[in-house]
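Shown next, in structure tokens, is the structure this report addresses.
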Ligand code: DAH
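Residue numbers (our numbering): 2 to 367.
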């Protein structure tokens, strides 16, 4: 009898002192487990005479109940303590902003395309698009480059193995100029559009990537001349680079789809190792840099596109978007544009809310 009383007291003390749920479980097994002393004591009842059993049973039963109650109570206490500790440990600062810090950004190429659209829209230009998978008629033939034209070979074209149902070669467009043809065929004259987009050439080094971006410009109307072209490009570049001292030089050149053809150079100087556009290219400390090609639309191209060249004239231009983006925003390696490195995007990217507008500045960076 006193044995049980003592043993019970010892168990209750140990339970009260258990520092953890694991330690408490040990105490449970020790007393109430299959081979625990209470369980073994209960088993001895079976071998007793009824009188002995009536005498011994209540003590064992009440020991079992007392220990079970103590275990439950201690378990609840330990669980509550653990929860309190966790709540204290895992605090949440409810004053932090609900959304995580800005992660995504607008790629400089997208930003510059938006800037182009904004500036040219103000000059009355629409934005046109065309397919990146083209046929050789739109990409070459209609631009006055027939099958034997050497300029075709210079374009490092990616061809597809299959032909169109009417026997045309299928390729990745090598420039945005086929959009000229598609737009003229679709809407006729007069026309005033830009066509920004991806173009592809099998070429790759620090300044060339197999995919890059161009913007095409096309104006067709009556009495359009080279002066309109120069004014348009000058007005565009002044707005784009946000400075008045832009000086352009039109240098005679050759493109099959324009006649006459010119290359467009801009005066620049070098400040802190970086090219900065502005000023006359022949002024001291200045030089000329090529920005793109242009010219008066070749009459054969107008004919291919179903427009009467005796009635309408036009000018066209093609600029490298990546290149003018690099000039404006100061990147020096074209390849990084297409690596998708989040650190680069974080550094050079734009906020979604930074929409270019003429009134707020087309290049404003928040
Ligand atoms: N398509 C030419 C190229 O990718 C660029 C170009 C030159 C476009 C003269 C034009 C143009 O519209 O008139 O090299």
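C-beta atoms are modelled at their ideal positions from N, C-alpha and C, and glycine is treated no differently.
- Residue burial is scored here from C-beta neighbours: residue 352 has fewer than 16 other C-beta atoms within 10 angstroms and is therefore classed as exposed.
- Scanning the stretch 161-207 from its first residue to its last, the whole alpha helix (DSSP H) runs of 4-plus residues come out as 179-188.
- Judged by beta-carbon spacing, residue 318 lies within the 9 Å limit of residue 293, meaning their Cβ atoms are closer than that value.
- Where residue 134 is concerned, the enclosing beta strand (DSSP E) starts and stops at 134-136.
- Between residue 196 and residue 129, the C-beta spacing is below 9 Å.
- With a threshold of 8 Å, the Cβ atom of residue 173 does not count as near ligand 1, since no heavy atom of the ligand is closer than that.
- In the pairwise beta carbon analysis, the stretch 333-351 is classified as touching the stretch 202-210: at least three pairs are separated by under 8 Å.
- Ranking 199, 219, 226 and 250 by CA distance to the CA of residue 189 puts 219 first.
- Remark: three or more beta-carbon pairs, one from each stretch, lie closer than 8 Å, so the stretch 107-125 and the stretch 306-325 are flagged as touching.
- Two segments are said to touch when three or more pairs of C-beta atoms, one from each, lie closer than 8 Å; by this definition the stretch 264-281 does not touch the stretch 152-166.
- Boundaries for residue 141: no beta strand (DSSP E) harbours it, and the DSSP string shows neither H nor E there.
- Taking the Cα positions, residue 272 is about 31 Å away from residue 200.
- Relative to ligand 1, even the nearest heavy atom lies 8 Å or more away from the CB of residue 353.
- Under the three-state reduction of DSSP, residue 155 is assigned to helix.
- In this structure, DSSP gives residue 314 an extended state, which the three-state scheme calls strand.
- Under the criterion of beta carbons closer than 8 Å, residue 350 and residue 109 qualify as touching, at roughly 7 Å.
- The criterion of a C-beta distance shorter than 9 Å is satisfied by residue 68 and residue 12.
- Here residue 93 carries a coil assignment [DSSP, helix/strand/coil].
- DSSP places residue 348 inside the alpha helix (DSSP H), whose first and last residues are 343-349.
- Residue 117 has its alpha-carbon roughly 23 Å from the corresponding atom of residue 187.
- A heavy atom of ligand 1 is found nearer than 8 Å to the CB of residue 177.
- Residue pairing by DSSP places residue 10 in no beta bridge whatsoever.
- Straight-line measurement puts the Cα of residue 241 at about 22 Å from the Cα of residue 347.
- The beta carbon of residue 300 lies closer than 8 Å to those of 260 and 310 in the same chain, with the five residues before and after it left out.
- Residue 106 and residue 328 have their C-alpha atoms spaced approximately 20 Å apart.
- The Cβ neighbour count for residue 49, taken over all protein chains shown within 10 Å, is under 16; the residue is labelled exposed.
- Within the same chain, Cβ atoms closer than 6 Å to the Cβ of residue 180 are found at 129, 131, 196 and 217, the five residues on either side in sequence being excluded.
- If you check the CB distance, residue 302 and residue 144 come in under 9 Å.
- Here residue 178 is buried. Its C-beta has 16 or more other C-beta atoms within 10 Å.
- Boundaries of the beta strand (DSSP E) around residue 256: 249-256.
- By the neighbour-count definition (other C-beta atoms within 10 Å, threshold 16), residue 214 is a buried residue.
- Between residue 87 and residue 133, the C-beta gap is not smaller than 9 Å, which leaves the two residues out of contact.
- Assignment of residue 338 by DSSP, reduced to helix, strand and coil, places it in the helix class.
- By the beta-carbon neighbour count (other beta carbons within 10 angstroms, threshold 16), residue 66 is exposed.
- With respect to the C-alpha of residue 251, the residue from 269, 243, 56 and 227 having the closest C-alpha is 227.
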